[in-house]
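Everything on this sheet refers to the single structure shown next.
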């Protein structure tokens, strides 16, 4: 096997390259190219100062590299194993020699379950955070696995315990607080609100985290693609420092291609709707809505990379009036019905569907994956269709059309802005692949632009 080393300008650029090619293996002269971080022992750099910086960068990045996904799936059965425990954790970060942002914490903590809210603050000159999971089991697994471990090999040790708060209320989405179930919140002034009275010591004049990004020679551990908005790239169980002796860890449900989606609206959701929505971020092979628990569904993607991409974009998104929760399932595959079984159409096989967006390796579709937004990108529009035709079509689904325009040089492509992100999600599910005549079916995806 031919191997090569490629040095990027910055560590952030290298991470962006890794994230860009995560959905599918790139092809070079019809041959697959596998990209990964190298072992530093394989590198020989004559300039010793440069070598030291390269080693430090490698350690910072490799600390966040894919590893043991302790209890990512939490449990498809529920929270019965953790009675009486809180969903809220209090985290103190010691030896903060590198930046610990809200996004970094989310990437580390989301490996153990669905993170609903995060608040960061300082107390007694210590960087702290309050984190709310969607269930106590995920919080328990995060506590038992992360307590005593470090985000970086050179610092940022986590001290994790259960908080006395049972719930967090966030009114602003910014660098100090984030509600992942309310993407529509304003940035505000960074004020924080909770369901219980907050001790005075929790609110200090210095309520910001020191910035280390300008330190010489240091690059943040995670790079964010331009235009991604609040999208957090998927990062696995990020800690490498061994746990303290005697600590127990949760069962390891490794990443796979099957997702557990919960808190669905059983009166509105369908296998086809989930296929269309999750198909924005990968090729969906199978969908099964639970017969006895129609608020839950299993979705099998083409591979684990596409499954991660779907989780990072759709977890916390509102769908039919509910906040969707998506995580990895403990199941390795979605079982189809045996002959003679009938679940009233709740199990569907889409393995050979012509609607897969990513059938061609290296397709431009991989370059146009964006989180849900109120603006939709429309393509494959017949030349006979007018602006009013398109506005009326989307209005017929119950959406509020706030703006529409065709591309200047391509009348078959357009942008439409709807009243909310949730409306756009519903419209995409309803109208993607809609027959518009002249042998053309409408193509709908989320856009990074606004009107």
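Numbering (my numbering), first residue to last: 65 to 515. Using N, Cα and C, we set each Cβ at its ideal position, and we do this for glycine too. Given the structure is predicted, the values throughout are model-derived calculations rather than measurements.
By how many angstroms is the C-alpha of residue j removed from the C-alpha of residue i?
i: residue 99; j: residue 502; result: 43 Å
i: residue 332; j: residue 384; result: 7 Å
i: residue 203; j: residue 472; result: 50 Å
i: residue 344; j: residue 188; result: 45 Å
i: residue 407; j: residue 374; result: 26 Å
i: residue 201; j: residue 230; result: 14 Å
i: residue 421; j: residue 429; result: 7 Å
i: residue 418; j: residue 158; result: 52 Å
i: residue 404; j: residue 410; result: 15 Å
i: residue 70; j: residue 78; result: 9 Å
i: residue 469; j: residue 451; result: 7 Å
i: residue 129; j: residue 199; result: Reliability of the predicted coordinates at residue 129 is poor, the pLDDT of 39 falling under 50, and no value is obtained from them.
i: residue 431; j: residue 370; result: 14 Å
i: residue 448; j: residue 423; result: 29 Å
i: residue 511; j: residue 433; result: 8 Å
i: residue 412; j: residue 393; result: 18 Å
i: residue 240; j: residue 167; result: 10 Å
What does a CB cutoff of less than 6 Å around residue i pick up in its chain, not counting 5 residues either side in sequence?
i: residue 339; result: 348, 351 and 414
i: residue 465; result: 455, 458 and 459
i: residue 142; result: At residue 142, the pLDDT of 41 sits below 50, so the modelled position is not reliable; the number obtained from the coordinates is stated separately. The answer is none, since no qualifying residue turns up.
i: residue 496; result: 340 and 508
i: residue 477; result: 443 and 471
i: residue 446; result: 500, 501, 502 and 504
From the DSSP output, read off the bridge partner residues of residue i.
i: residue 387; result: 382
i: residue 226; result: 153
i: residue 510; result: 440
i: residue 483; result: Partner(s): none; residue 483 has no beta bridge.
i: residue 241; result: 183
i: residue 353; result: 361
i: residue 505; result: 499
i: residue 219; result: 216
i: residue 417; result: Per DSSP, none; premise fails for residue 417.
i: residue 326; result: 389
i: residue 472; result: Its beta-bridge partners do not exist; DSSP assigns none.
i: residue 411; result: 352
i: residue 465; result: 482
i: residue 158; result: 221
Quick one: what's got a C-beta closer than 8 Å to residue i's C-beta in the same chain, skipping five residues either side?
i: residue 463; result: 482, 483, 487, 488, 490 and 491
i: residue 516; result: A query on residue 516 cannot be resolved here, the shown segment of the chain reaching from 65 to 515 and no further.
i: residue 207; result: 153, 224, 225 and 226
i: residue 485; result: 247, 248, 381, 382, 436, 437 and 438
Less than 8 Å between the CB atoms is what I'm expecting for residue i and residue j, so what's the real figure, rounded?
i: residue 152; j: residue 232; result: 6 Å
i: residue 185; j: residue 164; result: Wrong, their Cβ atoms sit about 12 Å apart, outside the cutoff.
i: residue 533; j: residue 337; result: Residue 533 lies beyond the stretch modelled for the chain, which goes from 65 to 515, so this question has no answer here.
i: residue 378; j: residue 362; result: That pair is no contact at about 15 Å.
i: residue 364; j: residue 322; result: 5 Å
Comparing the C-beta of residue i with each C-beta of chain B, is any distance below 8 Å?
i: residue 462; result: Absence of chain B from the displayed structure is noted, only one protein chain being present.
Give me, in chain order, the residues of the same chain whose beta-carbon lies closer than 7 Å to that of residue i; leave out the 5 immediate sequence neighbours on both sides.
i: residue 330; result: 358 and 359
i: residue 227; result: 150, 152, 153, 154 and 194
i: residue 513; result: 439 and 479
i: residue 366; result: 321, 346, 347 and 349
i: residue 327; result: 359, 386, 387, 388 and 389
i: residue 355; result: 407 and 410
Output the residue ranges of the beta strand (DSSP E) runs that lie fully inside the segment 160 to 216 and measure 3 residues or longer, sorted by chain position. 179 to 187, 190 to 197 and 214 to 216
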